[in-house]
Amino acid sequence: MLVQAEANAVKRWDLGQSNRSFIAARSWKQAGHVDTLLKEANAILLGIKWLLEMQVRLVEIENDSLVVIRYLTSHDCLVSSLGHLIDDIKSLSASFRVVLFKHVLGREINRHIT
1 MLVQAEANAV KRWDLGQSNR SFIAARSWKQ AGHVDTLLKE ANAILLGIKW
51 LLEMQVRLVE IENDSLVVIR YLTSHDCLVS SLGHLIDDIK SLSASFRVVL
101 FKHVLGREIN RHIT
């Protein structure tokens with residue numbers, strides 16, 4: 001299972017052994033200034049929640065934000081809005097049998113949705 005998330009919550013899910021894939025794009029307007037890292041982390045969180053609802057257990061999450069991926073793969077603790085999102089993602093990710101977080105360049109993500 002592969003999830004790709006960007007700030008505008010573009011995701012791709014390859015549905016395992018059936019060789020089927022699911023691609024979804026979602027964008028939304030938010031009032032005021034919203035930090036890009038918060039958008040990136042929120043996109044990942046939304047994807048994880050959906051995958052849990054679908055009872056998927058093997059997941060690879062790709063994102064073009066190196067900062068978010070580094071926080072997800074480290075034991076660093078952030079006391080901020082981003083830190084709370086990272087903690088939520090890590091907590092929910094513990095439900096997967098396997099979860100991998102991978103940094104990719106934006107154009108690598110975009111090739112899946114064109």
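For what it's worth, full-length UniProt numbering labels the leading residue of the sequence shown as 1, then goes sequentially.
C-beta atoms are modelled at their ideal positions from N, C-alpha and C, and glycine is treated no differently.
Reference residue i, options the options, closest by Cα
{"i": "T36", "options": "I48, V67, S95 and H75", "result": "V67"}
{"i": "L51", "options": "V98, I69, D64 and I86", "result": "V98"}
{"i": "K102", "options": "R70, E53 and L58", "result": "R70"}
Sequence-distant residues of its chain with Cβ nearer than 6 Å to residue i (five each side left out)
{"i": "A94", "result": "none"}
{"i": "F96", "result": "R57 and V59"}
Beta bridge counterpart(s) of residue i as assigned by DSSP
{"i": "V98", "result": "L58"}
For residue j and residue i, believed in contact at Cβ under 8 Å, the rounded distance
{"i": "L38", "j": "L72", "result": "Contact flag wrong, Cβ pair sits at about 14 Å."}
{"i": "L92", "j": "I61", "result": "Actually they do not touch by this definition, with Cβ atoms about 11 Å apart."}
Own chain partners of residue i with C-beta closer than 7 Å, once the 5 adjacent residues on each side are dropped
{"i": "A41", "result": "V68, L82, L85, I86 and I89"}
Contact set for residue i: own chain, Cβ-Cβ below 8 Å, skip 5 residues either direction
{"i": "V79", "result": "none"}
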